[in-house]
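Numbering (the numbering used here), first residue to last: -14 to 199.
No residue lacks a Cβ here, since even glycine has one placed at the ideal position from N, Cα and C.
Since the model is a prediction, treat every value here as computed from it, not as a measurement.
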């Protein structure tokens, strides 16, 4: 099978890059760089999918979008060991965390991120900042509690749920400098960052970002 990853720098596509490096599945990387002024993806990505977003993969010529779907498909086809048995309680938990990462966790994270940009530009936020802070703490306090005494999210081993959630936790801690408040999340991220596949993906991402600043 042939795989092409259409990878946008500083995007959710890092999840797929990391997964492909972890499972050692041959793939072709097509890189895209955000516009320096708007920080948006280039229009070129719309040639692959009308939304012009990343990640996008081509799997034997078929275009697939959405991080969660891509993670589930790649694991099902190439690395079933990264998912619990489908008749187990772990599988139910696994699916919940995969979807949690792009719904409950991502919404307050993005609100906080966008709010920080608006606040730096002098925008007065009358509702969204307080709402984002409350939701962020609610969601990540819950996640922090669930990770107590655990190395990874499901069955205490690396699964597709971690490829989805690890990206969010990495952004939370590094973008907002949130440390010591969520100690279990900080340790969880250290567990992820100790993986050689994570290092490989981050190295590729850093090289791409270096091209932007060169």
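Under the three-pair Cβ rule at 8 Å, the segment 28 to 37 does not count as touching the segment 100 to 118. Beta bridge pairing from DSSP links residue 142 with 139. Non-local C-beta neighbours of residue 20 in its own chain, meaning closer than 6 Å and more than five positions away in sequence, are absent. The C-alpha of residue 156 is placed about 14 Å away from the C-alpha of residue 190. Judged by DSSP in its simplified three-state form, residue 185 adopts helix.
CA-CA distance, residue 28 to residue -5, rounds to 16 Å. Around the beta-carbon of residue 124, 16 or more other beta-carbon atoms lie within 10 Å, marking it buried. The segment 98 to 112 makes no contact with the segment 129 to 140: fewer than 3 CB pairs, one atom from each, lie closer than 8 Å. Scanning its chain for C-beta atoms nearer than 6 Å, with the 5 sequence neighbours on each side dropped, one finds around residue 5 the residues 12, in chain order.
Secondary structure note for residue 43: its beta strand (DSSP E) is the uninterrupted segment 41 to 44. Using a 10 angstroms sphere on the CB of residue 52, the tally of other CB atoms reaches 16 or more, which defines it as buried. Taking all protein chains shown into account, residue -2 has 16 or more neighbouring C-beta atoms within 10 Å of its C-beta and is therefore buried.
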